[in-house]
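Engineer:
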Amino acid sequence: MKGMQPTPMNASHPVLAGLKIAGIAGKDIADIVEVSASTLSKWRSGSANMPPETRVFLTLVLASVVEDMESLETQLGDERTTWNGAFSEQLHNLRRMLRDQEAFNATLAPEAVLAGASRFRRWLTHSGGFGGLIVHPSLNEPVVAAG
Numbered sequence: 000m001k002g003m004q005p006t007p008m009n010a011s012h013p014v015l016a017g018l019k020i021a022g023i024a025g026k027d028i029a030d031i032v033e034v035s036a037s038t039l040s041k042w043r044s045g046s047a048n049m050p051p052e053t054r055v056f057l058t059l060v061l062a063s064v065v066e067d068m069e070s071l072e073t074q075l076g077d078e079r080t081t082w083n084g085a086f087s088e089q090l091h092n093l094r095r096m097l098r099d100q101e102a103f104n105a106t107l108a109p110e111a112v113l114a115g116a117s118r119f120r121r122w123l124t125h126s127g128g129f130g131g132l133i134v135h136p137s138l139n140e141p142v143v144a145a146g
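Residue numbers (numbering that gives the first Met the number 0): 0 to 146.
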């Protein structure tokens, strides 16, 4: 279709694109889902299927990052304009990726959703998540969200 941009990775995995936009390294994603970098690469390319519970788990990870960024946006107020709008654009793109993934996840079996949510809860409890780490969108440097 005219005006449509190609999807950089498997259309059923906007969560992977969102995590990349958020500045979360592929190695970190592979580590938290306990797979090899090769497996993650196959999921990104669409040459292997990501387990449904992993999709849900990573969607919740992305939702957590979006929530941290929204909190930071509120705290920064007008100061966020010093980032030349890159922060707001990044947050907008992350929200879109999250929405797209949530729409896809709505087709998953309830058991997969429950398993993914349980896995996220365990990960968050044991690891503390990413600890409020947000990557500065224009400098690609970490910014710690106070919270």
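Even glycine gets a Cβ: it sits at the ideal position worked out from N, Cα and C.
(1) Check LEU90 in the structure and name its three-state DSSP category.
(2) Could you name the residues of the same chain whose beta carbon sits closer than 7 Å to that of ARG118, not counting the 5 residues immediately before and after it, in chain order?
(3) Mapping DSSP to helix, strand and coil, what is THR106?
(4) I'd like to know if VAL34 contacts chain D, where contact means its C-beta is closer than 9 Å to some C-beta of that chain.
(5) In whole angstroms, what is the alpha-carbon distance linking VAL32 and GLY25?
(6) I need the DSSP call for VAL60, collapsed to helix, strand or coil.
(7) Could you tell me the distance, in whole angstroms, from the CA atom of LEU59 to the CA atom of VAL14?
(8) Alpha carbon to alpha carbon, how far is GLU101 from HIS91?
Structural biologist: The answer reads as follows:
(1) helix
(2) GLU52, PHE56
(3) coil
(4) The structure shown contains no chain D; it is built from a single protein chain.
(5) 11 Å
(6) helix
(7) 9 Å
(8) 15 Å
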